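Q:
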Amino acid sequence: MTMVATPVRTPAEQALAARYPAERTSLPGTADVIAIRDAAFGGVEKSGLPHRRVEDWKYTDLRARLKTFPPAAGPGDVARVLIAAPAVEGDKARRLVIANGRYRPELSDLEDLEPGLSIFSLATALEAGDATVLAALKLDDAVASNTAVALNTAFMTDGLVIDVAEGAEVGRPVELVHIAEGEPAASTAVRHLVTVGKAARLTLIETIESLDTVAHHSNVMTVLEVGEGAKVDHIRLQLEPDEAVSLTTLVARIGREANFDTFNAALGAGLARAQIFAEFAGRDAQAGFRGITMLSGRRHADTTLSLIHGAENCQSRELYKAVIDDEARSVFAGRIAVPAHAQKTDARMMTASLLLSEEAEADAKPELEIFADDVQCGHGATCGAIDEDLLFYLLSRGIPKVEAESMLILAFLGEAIDEIQNQAVHDALIHRVEGWLKARAA
Numbered sequence: 000m001t002m003v004a005t006p007v008r009t010p011a012e013q014a015l016a017a018r019y020p021a022e023r024t025s026l027p028g029t030a031d032v033i034a035i036r037d038a039a040f041g042g043v044e045k046s047g048l049p050h051r052r053v054e055d056w057k058y059t060d061l062r063a064r065l066k067t068f069p070p071a072a073g074p075g076d077v078a079r080v081l082i083a084a085p086a087v088e089g090d091k092a093r094r095l096v097i098a099n100g101r102y103r104p105e106l107s108d109l110e111d112l113e114p115g116l117s118i119f120s121l122a123t124a125l126e127a128g129d130a131t132v133l134a135a136l137k138l139d140d141a142v143a144s145n146t147a148v149a150l151n152t153a154f155m156t157d158g159l160v161i162d163v164a165e166g167a168e169v170g171r172p173v174e175l176v177h178i179a180e181g182e183p184a185a186s187t188a189v190r191h192l193v194t195v196g197k198a199a200r201l202t203l204i205e206t207i208e209s210l211d212t213v214a215h216h217s218n219v220m221t222v223l224e225v226g227e228g229a230k231v232d233h234i235r236l237q238l239e240p241d242e243a244v245s246l247t248t249l250v251a252r253i254g255r256e257a258n259f260d261t262f263n264a265a266l267g268a269g270l271a272r273a274q275i276f277a278e279f280a281g282r283d284a285q286a287g288f289r290g291i292t293m294l295s296g297r298r299h300a301d302t303t304l305s306l307i308h309g310a311e312n313c314q315s316r317e318l319y320k321a322v323i324d325d326e327a328r329s330v331f332a333g334r335i336a337v338p339a340h341a342q343k344t345d346a347r348m349m350t351a352s353l354l355l356s357e358e359a360e361a362d363a364k365p366e367l368e369i370f371a372d373d374v375q376c377g378h379g380a381t382c383g384a385i386d387e388d389l390l391f392y393l394l395s396r397g398i399p400k401v402e403a404e405s406m407l408i409l410a411f412l413g414e415a416i417d418e419i420q421n422q423a424v425h426d427a428l429i430h431r432v433e434g435w436l437k438a439r440a441a
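Per numbering that gives the first Met the number 0: the sequence shown = residues 0 to 441.
What follows is the structure, encoded as structure tokens:
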């Protein structure tokens, strides 16, 4: 007698299994798009949500942590979105609003677009069967099979297709404002496709926030093509409430002699995972990957980076810092792969965690996979409490303990934050860090 073990589905997996067939034909896209969605959802349905025995999700057991998977968000209250205060003040950015997973051009700044800059809706392109967009939806298997990516592919409702022409310089930062609004809890899936042509310039800011303290689920994915000699600065601020679940993905392909920097600030959500899949596709390019995480309560934040140094003479710098209080948990998993042909690679990866309580936890998993012999590569990870000698020095100068701790925490994070080139974003982030420290001291 042969016995077949059938895994028991969790409530979240049951909700997913019911949602996709019900929404499949109402999601934007031609038959070709539906086929891509079907393949993506089929993979998730077959394997289930990832758990701790899946190596890439070892420290973030999504199967155990996701208690449900809420229905798709409705259109939301436009009036509330319209009056919402911007997350970044004074940056003079071109704000493009995505409310409840839908691009809202009537709430966006589309006046006087710079020459060479084009912006249009992903949903419109999917409905039209745009061949370029369809090609951009097809990702490498290692990326496409990732659970967060597959769920985004299956359920994406909208997003933006942004193209910066060869040689164009977009003077104003472009800010993608993701806002969740309304009750009860709902879920959104948004995909952005951004192409920056040869020798072009772009600063791209993403903010992800919610107007309500309910358990919204957001899944935001950005695919960036950085052309030869282009310069792109990318900043993402994740600001959702503690009740929320946030999955974000950045896929970046970096061309010859290009310069790319990305910064991720994980400042919200009860469960957050920010993942980056990047590849050097041309020689003599440079890239920086940096970020901060600030956690309290029982929050959990995971930063996962996979970087392929796929070309000669490329340089990368990775720096991630985390401050963890109460019973919160931070995860950093970083992997740099250097194939045999990628000689003259220069890669440095560092993660540092500051624990503010006995119950706080930080997990670090830096990896180097090197097959070339002429390289300079290194990684490091540190974890510890506030330096008692530094604290004593400040206390001996008459500075109160809480204020002294705040000064040291801000200095610890400042090494990463000071790499942000956009002054308005830099100042906004410092302001939020200071607010977090004041709340801790209260």
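All residues carry an ideal CB built from backbone N, CA and C; glycine is no exception. This structure is a prediction, so every number in the text was calculated from the model and none was measured.
Scan the region 359 to 432 and note each continuous beta strand (DSSP E) run of 3 residues or more that stays entirely inside, going in chain order.
A: Runs found: 360 to 369 and 375 to 383.
Q: Where does the unbroken alpha helix (DSSP H) through Ser-46 begin, and where does it stop?
A: Start at 1 with the first residue of the sequence shown, and residue 46 comes out as number 47. 30 to 46 is the span of the alpha helix (DSSP H), which, as asked, contains Ser-46.
Q: Thinking Arg-272 and Leu-246 are a contact (beta carbons under 8 Å), I'd like their distance in whole angstroms, please.
A: The residue given as residue 272 occupies position 273 in the sequence shown. The residue given as residue 246 occupies position 247 in the sequence shown. About 5 Å; that satisfies the 8 Å criterion.
Q: Under 8 Å by Cβ, that's how I've got Glu-387 and Ala-341 pegged, so tell me the actual separation to the nearest angstrom.
A: Counted from its first residue, the sequence shown places residue 387 at position 388. Counted from its first residue, the sequence shown places residue 341 at position 342. Going by Cβ atoms, the distance from Glu-387 to Ala-341 rounds to 43 Å, so no, they are not a contact pair.
Q: Where do the ends of the alpha helix (DSSP H) carrying Tyr-19 lie?
A: In the sequence shown, residue 19 corresponds to position 20, counting from 1. Run containing Tyr-19: 10 to 22, per the alpha helix (DSSP H) assignment.
Q: Spatial neighbours of Glu-168 within its chain, please: CB distance less than 6 Å, with the 5 preceding and 5 following residues excluded, ordered by chain position.
A: Translated into the one-based positions of the sequence shown, residue 168 becomes position 169. Counting only Cβ-Cβ distances below 6 Å, and skipping sequence neighbours, we find Arg-200.
Q: Below 8 Å between beta carbons: does that hold for Val-148 and Thr-248?
A: Translated into the one-based positions of the sequence shown, residue 148 becomes position 149. Translated into the one-based positions of the sequence shown, residue 248 becomes position 249. Going by C-beta atoms, Val-148 is nearer than 8 Å to Thr-248.
Q: What do you reckon, are the CB atoms on Ile-160 and Phe-119 nearer than 8 Å?
A: Within the sequence shown, residue 160 is the residue found at index 161, counting from 1. Within the sequence shown, residue 119 is the residue found at index 120, counting from 1. According to the sequence provided, residue 160 is Val. The question's Ile does not apply to it. Yes.
Q: Who are the near neighbours of Val-189 in its chain, counting only those whose CB is closer than 6 Å to its CB and skipping five residues on each side?
A: Indexing the sequence shown from 1 puts residue 189 at position 190. So the qualifying residues of the chain are Ile-97, Gly-100, Gly-158 and Val-219.
Q: At which residues does the alpha helix (DSSP H) containing Phe-154 begin and terminate?
A: Taking the first residue of the sequence shown as 1, we reach residue 154 at position 155. Residues 146 to 154.
Q: Going by the beta-carbon positions, is the gap between Val-173 and Leu-95 smaller than 8 Å?
A: Locating residue 173 in the sequence shown gives position 174, where the first residue counts as 1. Locating residue 95 in the sequence shown gives position 96, where the first residue counts as 1. Yes, Cβ-Cβ distance for Val-173 and Leu-95 is below 8 Å.
Q: Taking C-alpha atoms, which residue in Asp-372, Pro-69 and Leu-304 lies nearest to Ala-184?
A: Taking the first residue of the sequence shown as 1, we reach residue 184 at position 185. It is Pro-69 whose Cα lies nearest to the Cα of Ala-184.
Q: Compare the C-alpha of Arg-347 against each of Glu-227, Gly-333 and Cys-382 and name the closest.
A: Your numbering for residue 347 matches position 348 in the sequence shown. Answer by Cα proximity: Gly-333.
Q: Taking the straight line between their C-alpha atoms, what separation do you get for Asp-129 and Arg-103?
A: Sequence index remark: in the sequence shown, residue 129 carries index 130 (1-based). Sequence index remark: in the sequence shown, residue 103 carries index 104 (1-based). Near 20 Å, if we compare the C-alpha coordinates of Arg-103 and Asp-129.
Q: Ile-253 to Arg-297, Cα distance in whole Å?
A: Translated into the one-based positions of the sequence shown, residue 253 becomes position 254. Translated into the one-based positions of the sequence shown, residue 297 becomes position 298. Cα-Cα distance, rounded: 37 Å.
Q: Rounded to whole angstroms, what's the CA-CA distance from Gly-290 to Ile-408? Just pull it up for me.
A: Here residue 290 corresponds to residue number 291 of the sequence shown, with the count starting at 1. Here residue 408 corresponds to residue number 409 of the sequence shown, with the count starting at 1. Between Gly-290 and Ile-408, the C-alpha separation is close to 15 Å.
Q: If you compare alpha carbons, which of Thr-146, Gly-73 and Ile-33 is closest to Leu-15?
A: In the sequence shown, the residue the question calls residue 15 occupies position 16. For the residues Thr-146, Gly-73 and Ile-33, the minimum Cα distance to Leu-15 belongs to Thr-146.
Q: If you check the beta carbons only, do Pro-49 and Leu-61 fall under 8 Å apart?
A: Walking along the sequence shown from the start, residue 49 turns up at place 50. Walking along the sequence shown from the start, residue 61 turns up at place 62. Yes, Cβ-Cβ distance for Pro-49 and Leu-61 is below 8 Å.
Q: Give the straight-line distance between the Cα atoms of Thr-24 and Val-32, rounded to the nearest whole angstrom.
A: To locate residue 24, count along the sequence shown from 1; it is residue 25. To locate residue 32, count along the sequence shown from 1; it is residue 33. The straight-line gap from Cα to Cα measures roughly 10 Å.
Q: Using only the alpha-carbon positions, how far apart do Glu-402 and Asp-362 sit?
A: Here residue 402 refers to the residue found at position 403 of the sequence shown. Here residue 362 refers to the residue found at position 363 of the sequence shown. When rounded, the distance between both Cα atoms is 27 Å.
Q: Going by C-alpha to C-alpha distance, which of Leu-354, Leu-318 and Thr-303 sits closest to Val-142?
A: In the sequence shown, counting from the first residue as 1, residue 142 sits at position 143. Closest by alpha carbon: Thr-303.
Q: So within the region 99 to 152, which uninterrupted alpha helix (DSSP H) runs reach at least 4 residues, ignoring any that extend past its ends?
A: List check, alpha helix (DSSP H) in window: 121 to 127, 130 to 136 and 140 to 143.
Q: If we ignore side chains and look at the alpha-carbon of each, how far apart do Ile-398 and Leu-436 end up?
A: On the sequence shown, position 399 is the one that residue 398 refers to. On the sequence shown, position 437 is the one that residue 436 refers to. Cα to Cα, Ile-398 sits roughly 16 Å from Leu-436.
Q: If you drop the 5 nearest sequence neighbours on each side, which residues of the same chain put their C-beta closer than 8 Å to that of Cys-376?
A: Here residue 376 is taken as the residue at index 377 of the sequence shown, counted from 1. Same-chain partners within the cutoff: Ile-335, Val-337, Thr-344, Asp-345, Ala-346, Arg-347, Leu-367 and Ile-369.
Q: His-430: buried (16+ other C-beta within 10 angstroms of its C-beta) or exposed?
A: Along the sequence shown, read from residue 1 onward, the residue named residue 430 stands at position 431. When all chains shown are included, His-430 counts as exposed.
Q: Please list, in chain order, all residues of the same chain as Ser-113 whose beta carbon is under 8 Å from its beta carbon, the five residues on each side excluded.
A: Here residue 113 is taken as the residue at index 114 of the sequence shown, counted from 1. One point to set straight first is that residue 113 is Glu, not Ser, in the sequence displayed. Cβ within range, chain order: Ala-167, Glu-168, Val-169, Gly-170 and Arg-171.
Q: Give every residue of the same chain whose Cβ lies closer than 8 Å to the Cβ of Asn-421, excluding the five residues on either side of it in the sequence, and list them in chain order.
A: Here the question's residue 421 lines up with position 422 in the sequence shown. The residues are Asp-90, Pro-172, Thr-202, Ile-204, Asp-232 and Ile-234.
Q: Taking C-beta to C-beta, are Val-132 and Leu-125 nearer than 8 Å?
A: Walking along the sequence shown from the start, residue 132 turns up at place 133. Walking along the sequence shown from the start, residue 125 turns up at place 126. Going by C-beta atoms, Val-132 is nearer than 8 Å to Leu-125.
Q: In this structure, does DSSP put Ser-315 in helix, strand or coil?
A: Position 316 of the sequence shown, counting from 1, holds the residue named residue 315. In this structure, Ser-315 counts as strand in the three-state DSSP scheme.
Q: Along the chain, where does the beta strand (DSSP E) that runs through Val-193 open and close?
A: By one-based count along the sequence shown, residue 193 stands at place 194. Run containing Val-193: 186 to 195, per the beta strand (DSSP E) assignment.
Q: If you draw a straight line from the C-alpha of Gly-383 to the C-alpha of Phe-288, how long is it?
A: Residue numbering aside, residue 383 sits at position 384 when the sequence shown is read from its first letter. Residue numbering aside, residue 288 sits at position 289 when the sequence shown is read from its first letter. Taking the straight line joining both Cα atoms gives about 22 Å.
Q: Indicate the three-state DSSP secondary structure (helix, strand or coil) for Lys-91 in the structure shown.
A: By 1-based counting over the sequence shown, the position of residue 91 is 92. Three-state result, Lys-91: coil.
Q: Per DSSP, His-216 is paired with what?
A: Indexing the sequence shown from 1 puts residue 216 at position 217. Its beta-bridge partners are Ser-186 and Val-244.
Q: Compare the Cα-Cα distances from Val-225 to each of Thr-212, Glu-414, Leu-210 and Leu-192 and report the closest residue.
A: Here the question's residue 225 lines up with position 226 in the sequence shown. Here the closest residue by C-alpha is Leu-192.
Q: Alpha carbon to alpha carbon, how far is Leu-394 from Leu-109? Give it in angstroms, no decimals.
A: Walking along the sequence shown from the start, residue 109 turns up at place 110. Walking along the sequence shown from the start, residue 394 turns up at place 395. Leu-109 and Leu-394: Cα-Cα distance of roughly 52 Å.
Q: Can you give, in chain order, each stretch of the beta strand (DSSP E) that sits fully within the region 259 to 292 and has at least 3 residues?
A: Complete beta strand (DSSP E) runs here, min 3: 270 to 279.
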